[in-house]
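J.: What follows is a structure written as C-alpha cells; I'll ask about it next.
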Amino acid sequence: MKKISRIIFMLLIIFVPFTGCDDDEEDIKDLTLVSLTCGNVDLYGATSATDVPVDQTIVAVFSTNIDEATVATAVSILKGETDVPFTTVVDGKTLTITVTGGLITGTRYTVNISAGLESTQGAVLGAISASFTTIGIGIDTPPKASNQVLYLQFNNSIVDVIGSHTNPFTQVAYTTDRFGTANGAANFRGATAAGNGDLVEIAGSNLINPSMTFSVWFKVNSADYANGGHPMFGLATERGYFMELGGTLAWCKFATSHKIDPDPNSHYFGTAWTDPNGDGNVGGQTLYDYAGSLATIMGDKWTLLTMTFDAATSIKTIYFDGVKIMQVDLDLDATEWYLADMEIADQADGTGAAITGIEEVLALGYMCSRGNTATGWSIYSTADNTFKGALDDLRIFNVALTESEVLALYNSEN
Numbered sequence: 006m007k008k009i010s011r012i013i014f015m016l017l018i019i020f021v022p023f024t025g026c027d028d029d030e031e032d033i034k035d036l037t038l039v040s041l042t043c044g045n046v047d048l049y050g051a052t053s054a055t056d057v058p059v060d061q062t063i064v065a066v067f068s069t070n071i072d073e074a075t076v077a078t079a080v081s082i083l084k085g086e087t088d089v090p091f092t093t094v095v096d097g098k099t100l101t102i103t104v105t106g107g108l109i110t111g112t113r114y115t116v117n118i119s120a121g122l123e124s125t126q127g128a129v130l131g132a133i134s135a136s137f138t139t140i141g142i143g144i145d146t147p148p149k150a151s152n153q154v155l156y157l158q159f160n161n162s163i164v165d166v167i168g169s170h171t172n173p174f175t176q177v178a179y180t181t182d183r184f185g186t187a188n189g190a191a192n193f194r195g196a197t198a199a200g201n202g203d204l205v206e207i208a209g210s211n212l213i214n215p216s217m218t219f220s221v222w223f224k225v226n227s228a229d230y231a232n233g234g235h236p237m238f239g240l241a242t243e244r245g246y247f248m249e250l251g252g253t254l255a256w257c258k259f260a261t262s263h264k265i266d267p268d269p270n271s272h273y274f275g276t277a278w279t280d281p282n283g284d285g286n287v288g289g290q291t292l293y294d295y296a297g298s299l300a301t302i303m304g305d306k307w308t309l310l311t312m313t314f315d316a317a318t319s320i321k322t323i324y325f326d327g328v329k330i331m332q333v334d335l336d337l338d339a340t341e342w343y344l345a346d347m348e349i350a351d352q353a354d355g356t357g358a359a360i361t362g363i364e365e366v367l368a369l370g371y372m373c374s375r376g377n378t379a380t381g382w383s384i385y386s387t388a389d390n391t392f393k394g395a396l397d398d399l400r401i402f403n404v405a406l407t408e409s410e411v412l413a414l415y416n417s418e419n
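Residue numbers for the sequence shown follow this note's numbering, so the first one is 6 and each next one is one higher.
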C-alpha cells in the first residue's frame, strides 16, 4: 500500500510542472484593427472615404478584446487640425465613438488611434490614422477652405463651425433651406415697428480683412420689396461694410470701407459704394456692369451672393450664382482716393480724430449691430426696414477668391 502511495505522489510531482508549463505558454493574441466604419461606409479603405453620414457613430472592431482604460489617451479625432470632443463605449472587441454634437456636413475628419491602445492581454496596437469627408455641404466644400474665418450653416442654430466667433444676440426664426431641409436656413421676418426687426449679431476677430470674400445664400419674396429696400447684413455700416437690396429688387448695394494708401490729403479712409442696377453702363472705375433685370436673378428663389476684394489689385467684384454682376478697380485713375485694404474707418476725414460709436460686430438682418451708433442714419433702434428673407451657408474668407473659384463655390453648394 505504501508503495502505491509513493507511486501516486511521484506522478503528481511530474504532472504539476507540466501543467504550469502549459499556462506559461498560453498565446497572447495580436491586437489589430479589423474594421472602421461609420454607418455602412468603410473608413479604413485604400482611399479616403467620402459621403460619410453625419447621423451615425464611428465603430472600430479589433481582433481581440481591448482594455477600456487605455482608450482615452489612445484615441483622438480631428476636424481639420482641431481636436473634436467625443465619448466612447467599449464592448469586448468593439469600440463605439460618438462625436459630441454630431459630425458636421461637408467636413474632413481624421480618426487617430495610437500605439497606446492595448488589449486586455496587454498586446499593443500599431498606430492607425484614417481621414474621411462627411456628406453634404460644409467646411471643406469651397475652394481655399483653409482661408475661411467664419462659417454659419444656420441649421436651427447660430454656430460658427470653423472658429470661435460668439453670438451675443439672436432674434430670428428658421425655415426650409434650398434642399428642402426643415429649419435649415435662418428666416428674417422684418420689423413691425422701429427697433424690433429680426437680427443676429456675430462678434469676434477677422470679420473684416484687407482682402476678403463674403458669400451667402439668400431668398427673398419680391412682394416684400415692392415699397422699398432692406439691408441684408453689415458691420458698422459704411465704416465697415453692408449689403442692401433695393426697392422692387431693381438694384443692390455692397458698400465697403477702405484704407487710403497713399493718402496725400489725409482722408484716412474711403467708402466704395458699388451698387449694381442692371443699366450696363461702364465708365470710370467700372470694369463690368451687368445689363439686365436684377429682380429676375434674385427674386423669389435661392441665390448665391459673393463679393470679393483683392487688396493687391484694388479690384472688387460682385457675383450672383457664380456669375459676375459688377467689377470695379477702386484705384483706377485715382488722384487722391486710393482705396486699398478693407479696414474699419475709425478716423475722421482731415483730422484723424477717433470716431466714437463704432461696434465691430457683424449684424445679419441689418447694416449694423444694435450698439453701433457711429452712423446716425443707420441706428438699429430707429430702423423699420430690417431684412425680410432667408439666409443660409454664410462664409467669410480672408482672401479674394478668383472668378473660377467663385464659380466652383457656387457649383459645389448649388
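C-beta atoms are modelled at their ideal positions from N, C-alpha and C, and glycine is treated no differently.
What are the boundary residues of the beta strand (DSSP E) that N416 is part of?
T.: Taking the sequence shown and counting its residues from 1, the one referred to as residue 416 is at position 411. From DSSP, N416 is part of no beta strand (DSSP E) but of the alpha helix (DSSP H) over 408-418.
J.: Just confirm the distance between the C-beta atoms of L344 and L337, as a whole number of angstroms; I'd bet it's less than 8 Å.
T.: Taking the first residue of the sequence shown as 1, we reach residue 344 at position 339. Taking the first residue of the sequence shown as 1, we reach residue 337 at position 332. Actually they do not touch by this definition, with Cβ atoms about 10 Å apart.
J.: Should N286 be labelled buried (16 or more other beta-carbon atoms within 10 Å of its own) or exposed?
T.: Taking the sequence shown and counting its residues from 1, the one referred to as residue 286 is at position 281. So N286 ends up on the exposed side.
J.: What three-state label does DSSP hand T242 in the structure shown?
T.: Within the sequence shown, numbered from 1, the residue matching residue 242 stands at position 237. Three-state DSSP puts T242 in a helix.
J.: Based on the DSSP secondary-structure assignment, which residues constitute the bridge partners of D72?
T.: Taking the first residue of the sequence shown as position 1, residue 72 is located at position 67. D72 is not bridged to any residue.
J.: Could you pull the DSSP bridge partners for P236 from this structure?
T.: Mapped onto the sequence shown, residue 236 falls at position 231. DSSP lists E249 as partners of P236.
J.: Would you kindly work out how many angstroms separate the C-alpha atoms of N70 and I33, rounded to a whole number?
T.: Numbered from its first residue, the sequence shown carries residue 70 at position 65. Numbered from its first residue, the sequence shown carries residue 33 at position 28. Taking the straight line from one Cα to the other gives about 11 Å.
J.: Could you give the DSSP three-state label for S162: helix, strand or coil?
T.: Walking along the sequence shown from the start, residue 162 turns up at place 157. If DSSP states are grouped into helix, strand and coil, S162 belongs with coil.
J.: By the DSSP assignment, the beta strand (DSSP E) with I363 in it spans what residues?
T.: Indexing the sequence shown from 1 puts residue 363 at position 358. That residue, I363, is in no beta strand (DSSP E); it is neither H nor E in DSSP.
J.: Just confirm the distance between the C-beta atoms of T92 and T110, as a whole number of angstroms; I'd bet it's less than 8 Å.
T.: Here the question's residue 92 lines up with position 87 in the sequence shown. Here the question's residue 110 lines up with position 105 in the sequence shown. Not quite, the Cβ-Cβ distance comes to about 21 Å (not below 8 Å), so this is no contact.
J.: Is A353 near the ligand NAD, in the sense that its beta carbon is under 8 Å from a heavy atom of that ligand?
T.: The ligand NAD is not among the ligands present in this structure, which contains no ligands whatsoever.
J.: I need the straight-line Cα distance from E341 to I163, nearest angstrom please.
T.: Taking the first residue of the sequence shown as position 1, residue 341 is located at position 336. Taking the first residue of the sequence shown as position 1, residue 163 is located at position 158. Straight-line Cα distance between these residues: approximately 42 Å.
J.: Curious, which full-length beta strand (DSSP E) runs of at least 3 residues does the stretch 30-103 contain?
T.: The stretch 30-103 contains these whole beta strand (DSSP E) runs: 38-43, 54-57, 63-67, 80-84, 91-96.
J.: Between the beta-carbon of M331 and the beta-carbon of P267, is there less than 9 Å?
T.: The residue labelled residue 331 in the question sits at position 326 within the sequence shown. The residue labelled residue 267 in the question sits at position 262 within the sequence shown. No, they are not a contact pair.
J.: Please report the Cβ distance between G251 and M372, rounded to the nearest whole angstrom; I am assuming they are in contact, meaning their Cβ atoms lie under 8 Å.
T.: Stepping through the sequence shown from its first residue, residue 251 is reached at position 246. Stepping through the sequence shown from its first residue, residue 372 is reached at position 367. Going by Cβ atoms, the distance from G251 to M372 rounds to 13 Å, so no, they are not a contact pair.
J.: Alpha carbons only, please: which of G394, E408, K258 is nearest the one belonging to V177?
T.: On the sequence shown, residue 177 is found 172 positions in, with the first residue counted as 1. Taking only the C-alpha atoms, the option nearest V177 is G394.
J.: Since L309 contacts W382 with CB under 8 Å, what's their CB separation in whole angstroms?
T.: Position 304 of the sequence shown, counting from 1, holds the residue named residue 309. Position 377 of the sequence shown, counting from 1, holds the residue named residue 382. The Cβ separation is near 29 Å, so there is no contact.
J.: Ends of the alpha helix (DSSP H) at L299?
T.: Mapped onto the sequence shown, residue 299 falls at position 294. It spans 299-303 - the alpha helix (DSSP H) in which L299 sits, taken as one unbroken run.
J.: Would you mind sorting A368 into buried or exposed? The rule is 16 or more other CB atoms within 10 Å of its CB.
T.: Locating residue 368 in the sequence shown gives position 363, where the first residue counts as 1. Buried, by the Cβ-count rule.
J.: From G357 to M237, what does the alpha carbon distance come to, in whole angstroms?
T.: By one-based count along the sequence shown, residue 357 stands at place 352. By one-based count along the sequence shown, residue 237 stands at place 232. Approximately 30 Å between the Cα atoms of the pair.
J.: DSSP state of N270, grouped into three classes?
T.: Position 265 of the sequence shown, counted from the start, is the residue given in the question as residue 270. Reduced to three states, the DSSP call for N270 is coil.
J.: With a threshold of 7 Å on Cβ separation, who are the neighbours of A120 within its own chain once the five nearest residues in sequence on each side are excluded?
T.: In the sequence shown, residue 120 corresponds to position 115, counting from 1. Closer than 7 Å at Cβ, skipping near neighbours: V129, L130, G131, A132.
J.: Let me make sure I understand the geometry here. Which of E418, S216, I302 has the alpha-carbon closest to that of A405?
T.: Walking along the sequence shown from the start, residue 405 turns up at place 400. The candidate whose alpha carbon is nearest that of A405 is S216.
J.: Ends of the beta strand (DSSP E) at T311?
T.: Translated into the one-based positions of the sequence shown, residue 311 becomes position 306. First-last of the beta strand (DSSP E) with T311: 308-315.
J.: Distance, Cα to Cα, T2 vs H170?
T.: Here the chain has residues from 6 to 419 only, and residue 2 is not among them.
J.: When we look at the beta-carbon of E348 and count the other beta-carbons within 10 Å, is it buried (16 or more) or exposed?
T.: Taking the first residue of the sequence shown as 1, we reach residue 348 at position 343. E348 is buried by the Cβ-count criterion.
J.: Measuring only the C-alpha atoms, how far is T378 from D305?
T.: Your numbering for residue 378 matches position 373 in the sequence shown. Your numbering for residue 305 matches position 300 in the sequence shown. In a straight line, the C-alpha of T378 is about 33 Å away from that of D305.
J.: Below 8 Å, how does it come out for the stretch 143-156 and the stretch 400-418: are there three or more Cβ pairs, yes or no?
T.: With a cut-off of 8 Å, the stretch 400-418 and the stretch 143-156 count as touching, because enough Cβ pairs lie within range.
J.: So, at 6 Å on beta carbons, what are the nonlocal neighbours of V94 in its own chain, with the 5 sequence-adjacent residues on each side left out?
T.: Residue mapping note: residue 94 aligns to position 89 of the sequence shown, counting from 1. T101.
J.: Tell me whether A199 sits in a helix, a strand or coil according to DSSP, three-state version.
T.: Start at 1 with the first residue of the sequence shown, and residue 199 comes out as number 194. Residue state, collapsed to three classes: coil.
J.: Taking buried to mean at least 16 other C-beta atoms within 10 Å of its own C-beta, is E206 buried or exposed?
T.: Within the sequence shown, residue 206 is the residue found at index 201, counting from 1. Per the 10 Å Cβ criterion, buried.
J.: Using a 10 Å radius around the Cβ and a threshold of 16 neighbouring Cβ atoms, would you call D203 buried or exposed?
T.: The residue labelled residue 203 in the question sits at position 198 within the sequence shown. Label assigned to D203: buried.
J.: Taking L41 and V116 to be in contact with their CB atoms under 8 Å, please state how far apart those CB atoms are, rounded to whole angstroms.
T.: Within the sequence shown, residue 41 is the residue found at index 36, counting from 1. Within the sequence shown, residue 116 is the residue found at index 111, counting from 1. Indeed, because the Cβ distance is near 7 Å, the residues count as touching under 8 Å.
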